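First residue of the sequence shown: 1, per UniProt numbering; consecutive thereafter. The structure under discussion appears below in the form of structure tokens.
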Amino acid sequence: MANLVIRLLQQLIPPLLLSYFYFAWKIATFEVGPNLISNSTSGPIIGYLYVILPSLLIVPTTLSFLRLYFLPSVQSVPPLDPPLLIQDKKIIFECLSPAEAKIIRLANDEEHDDDEPLVERCYKGECGGRWKPARTRHCNTCERCRGGWDHHCPIFANCLTAPYMRSFLALLLYTLPTVTIISLPLYKPLWTRCREAYTLSWTNEYIRQNWWEWRYSWIVAGGPIGRYAGGTFLGWKELDKIDEDSILRLNVGLMVLLGIILALISAGLAYTTISLLIKGNLTIDRGRSTAHNQALMAIRRLQLQNQSIPAKLEANLAKFSDQRYFFVPLPLTEGQLGRKGKIVETLPHERPYDHGLKKNLHIVLGRGWKWILPWNALRRGMDDEVFMWPIQDGVERRLREEAQRRFQEGDESR
Ligand SMILES: [Zn+2]
Ligand SMILES: [Zn+2]
Numbered sequence: 001m002a003n004l005v006i007r008l009l010q011q012l013i014p015p016l017l018l019s020y021f022y023f024a025w026k027i028a029t030f031e032v033g034p035n036l037i038s039n040s041t042s043g044p045i046i047g048y049l050y051v052i053l054p055s056l057l058i059v060p061t062t063l064s065f066l067r068l069y070f071l072p073s074v075q076s077v078p079p080l081d082p083p084l085l086i087q088d089k090k091i092i093f094e095c096l097s098p099a100e101a102k103i104i105r106l107a108n109d110e111e112h113d114d115d116e117p118l119v120e121r122c123y124k125g126e127c128g129g130r131w132k133p134a135r136t137r138h139c140n141t142c143e144r145c146r147g148g149w150d151h152h153c154p155i156f157a158n159c160l161t162a163p164y165m166r167s168f169l170a171l172l173l174y175t176l177p178t179v180t181i182i183s184l185p186l187y188k189p190l191w192t193r194c195r196e197a198y199t200l201s202w203t204n205e206y207i208r209q210n211w212w213e214w215r216y217s218w219i220v221a222g223g224p225i226g227r228y229a230g231g232t233f234l235g236w237k238e239l240d241k242i243d244e245d246s247i248l249r250l251n252v253g254l255m256v257l258l259g260i261i262l263a264l265i266s267a268g269l270a271y272t273t274i275s276l277l278i279k280g281n282l283t284i285d286r287g288r289s290t291a292h293n294q295a296l297m298a299i300r301r302l303q304l305q306n307q308s309i310p311a312k313l314e315a316n317l318a319k320f321s322d323q324r325y326f327f328v329p330l331p332l333t334e335g336q337l338g339r340k341g342k343i344v345e346t347l348p349h350e351r352p353y354d355h356g357l358k359k360n361l362h363i364v365l366g367r368g369w370k371w372i373l374p375w376n377a378l379r380r381g382m383d384d385e386v387f388m389w390p391i392q393d394g395v396e397r398r399l400r401e402e403a404q405r406r407f408q409e410g411d412e413s414r
């Protein structure tokens with residue numbers, strides 16, 4: 001059901017947004033600008049600025065949007081098999097836990113060895129057993145796995161993944177100033193017009209009888225606020241009839257209102273996205289950690305009441321757990337055939353993909369701040385490292401030491 005809603009929304013939102021961008025650009029460039037040039041008391045310079053600014057601002061905003069909308073369906077899809085470095089076990093990489101690997105091997109009638117790593121694979125949708133590297137998730141709307149998956153976004157009808165995070169952030173961060181600057185000269189006169197429309201709606205016989213005195217207007221408009229909005233809307237339409245060519249038309253008023261809503265949404269989204277990135281998270285990680293905490297709380301509550309724990313809760317706890325397993329290769333010794341290594345799990349407090357504020361941003365967006373420039377924002381921020389996400393130095397060191405220790409311990413006990 002949720003998937004159907006997303007599919008429907010993503011058919012509607014992109015054309016609506018593009019029409020909005022076009023409409024806003026047209027009004028600002030061909031109406032607000034020329035109007036300011038001829039009427040402004042502060043001289044024509046501001047007017048000329050309003051002829052040029054919208055194009056300068058809306059063009060990069062629209063381009064970042066189109067960039068995300070037209071991403072190929074295979075964007076950020078991992079290769080079918082892991083690279084040779086992983087297949088030959090030459091580097092450290094995330095793998096399935098020995099318990100999960102054992103279940104898969106038993107099902108396939110294979111022998112199992114606890115130190116033999118098995119990479120995760122996905123058999124859902126279009127994936128067909130494709131390699132599923134660390135930080136890869138299967139999108140149920142696209143029916144594909146994508147590396148560095150953040151979420152599926154109906155706004156541009158595509159998955160948002162780490163390599164395109166800069167285009168997404170640019171889109172969000174450009175929207176706020178674009179909308180504010182473009183509609184700035186219109187706020188005050190539109191507000192006056194809005195109040196005039198409201199007053200007119202009461203003096204106009206037809207609107208008064210058919211809206212304000214109509215009992216069902218409360219229900220149709222969904223409450224007092226909607227009722228005021230509806231009355232103003234009707235009054236504004238009347239005003240437009242009297243003064244047809246005015247720039248303060250109802251549709252311009254609605255455009256500015258929609259712009260304010262869009263700007264607020266994008267500012268909020270930009271804020272949450274950046275705060276997640278700073279902590280080394282993607283949107284999916286926050287969802288998983290919430291689900292994990294909920295399962296944990298539910299189990300604790302049941303334990304306190306001395307009740308039995310349903311298997312589903314236990315499964316959720318494991319499924320959304322933050323614990324990860326890494327295959328850690330051991331240094332090659334002379335005459336040794338094949339690469340040896342150990343599978344080591346992370347400790348509860350360890351966050352292998354959190355490198356600290358600066359490096360977290362650097363990995364996803366690129367060094368410094370220049371990714372925000374329009375021509376940079378359209379380029380990919382990450383290449384293949386999205387399938388081999390860098391591991392935090394301290395965690396990697398601890399994993400290597402632990403692998404070495406377990407290896408020696410194993411040797412001594414033999
Ligand atoms: Zn998949
Ligand atoms: Zn998707």
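Ideal Cβ placement from N, Cα and C applies to all residues, glycine included. None of the values given here were measured: they were computed from a predicted structure.
Are there any heavy atoms of ligand 2 lying less than 7 Å away from the beta-carbon of residue i, as far as the coordinates show?
i, result
"Thr180", "no"
"Thr141", "yes"
"Val159", "Correcting the residue type first, residue 159 is Cys in the shown sequence and not Val. It does: the Cβ of Cys159 is within 7 Å (strictly closer) of some heavy atom of ligand 2."
"His152", "yes"
Going by alpha carbons, who is nearest to residue i out of the options?
i, options, result
"Thr232", "Pro82, Glu409, Leu378, Arg195", "Arg195"
"Arg166", "Val395, Arg405, Leu378", "Leu378"
"Pro189", "Leu9, Glu396, Leu36, Gln404", "Leu36"
"Trp375", "Gly230, Glu126, Leu56", "Leu56"
"Ala311", "Pro154, Gly47, Ala295", "Ala295"
"Gly129", "Leu80, Val364, Ser321", "Leu80"
"Pro60", "Tyr216, Ala221, Thr178, Ile260", "Thr178"
"Gly47", "Pro82, His151, Ala162, Leu186", "Leu186"
"Leu357", "Thr192, Leu277, Ile6, Gln408", "Leu277"
"Ala157", "Arg7, Gly223, Trp131, Asn360", "Arg7"
"Ile181", "Val51, Pro133, Phe168, Phe407", "Val51"
"Val364", "Pro163, Gly33, Ser97", "Pro163"
Taking the C-alpha atoms as reference points, what is the distance between residue i and residue j?
i, j, result
"Trp236", "His138", "48 Å"
"Cys159", "Leu248", "38 Å"
"Ile372", "Leu239", "43 Å"
"Gly226", "Glu213", "15 Å"
"Tyr325", "Pro15", "44 Å"
"Leu264", "Pro78", "35 Å"
"Pro390", "Arg397", "13 Å"
"Trp218", "Asp243", "29 Å"
"Arg135", "Gly148", "5 Å"
"Tyr198", "Tyr353", "55 Å"
"Leu18", "Trp25", "11 Å"
"Ala28", "Ile13", "22 Å"
"Ser321", "Thr161", "22 Å"
"His355", "Gly381", "17 Å"
"Ser38", "Glu31", "11 Å"
"Tyr20", "Met255", "7 Å"
Checklist entry - Can we say the stretch 168-183 touches the stretch 52-66, given the rule of at least three CB pairs closer than 8 Å? => result yes
Next on the checklist: For the structure I just gave you, are there three or more beta carbon pairs, one from the stretch 90-103 and one from the stretch 196-216, closer than 8 Å?
Outcome noted: no
Next on the checklist: As a quick check of your reading: which residues have a C-beta less than 5 Å from at least one non-hydrogen atom of ligand 1, in chain order?
Outcome noted: Cys122, Lys124, Cys127, His138, Cys145
Checklist entry - Three or more C-beta pairs closer than 8 Å, one from the stretch 296-316 and one from the stretch 277-284: is that the case here? => result Counting Cβ pairs under 8 Å, fewer than three are found: no touch.
Next on the checklist: Assess contact between the stretch 325-334 and the stretch 84-99, defined as three or more Cβ pairs (one per stretch) separated by less than 8 Å. Is contact present?
Outcome noted: yes
Next on the checklist: Could you check whether the stretch 301-308 touches the stretch 255-275, counting it as contact only if at least three pairs of C-beta atoms, one from each stretch, sit closer than 8 Å?
Outcome noted: no
Checklist entry - Counting Cβ pairs, one atom from each stretch, are 3 or more of them under 8 Å apart for the stretch 105-124 and the stretch 355-370? => result no
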